[in-house]
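Residue numbers (the working numbering): 11 to 165.
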C-alpha cells in the first residue's frame, strides 16, 4: 500500500511537471520521443567514435552532459514562450526542430567517426560534411592533448 502511494505521488508529480514544461498531446509526446532518441543515438555513436579514435576524455563527456541538459530544456523554453505569448506551439516546434537538426547533424557525424558510414545515405553525408570535418578536427586535437598530458610533456 505504501509503495502504491509513493509511486502514484511520484507519477503524478512527474506527469504534471512534464506537461507544465513541454505541454500535452500526442504530437508533443512523439516529437519529444524523437528528440530523445536522437540524443541517445548521438551519445551512443559519439561514445563509440571516441573510443575508436582514442579521443575519449571524461571531461569532454561531462561537458556533453551539461550540453545535453541545455538541449533538453530548449523545447520546454519554447513551450513556456508559447504559453506566455498565447501562440499554438510555434516556439516549441521551432526550438525543437532547430535543436533536433543540430543533434541529427552531430549524430550523423559521430556515426561516420564510429565507422558506420555505410548505413548513412550519401545525401546525409553531404548535408553534414562540415560537421564531420569539425568533429574530426576536435577529435584529433583532444587526442593530441590527451597524449601530451599522458606523456608528461616537458616543453
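All residues carry an ideal CB built from backbone N, CA and C; glycine is no exception.
- Judged by DSSP in its simplified three-state form, residue 132 adopts helix.
- For residue 114, same chain residues with a beta-carbon under 7 Å away, outside a window of 5 residues either side, are 48 in chain order.
- Around residue 86, the same chain offers 31 and 32 as residues with beta carbons nearer than 6 Å, after the five sequence neighbours per side are excluded.
- With contacts defined by Cβ atoms closer than 8 Å, residue 111 and residue 88 do not form a contacting pair.
- At the C-beta level, residue 149 and residue 60 come within 8 Å of one another.
- Secondary structure of residue 126 (DSSP, three-state): coil.
- In this structure, DSSP gives residue 71 a helical state, which the three-state scheme calls helix.
- With fewer than 16 other CB atoms across the displayed protein chains lying within 10 angstroms of its CB, residue 93 is exposed.
- Between residue 120 and residue 158, the gap from beta carbon to beta carbon reaches 8 Å or more.
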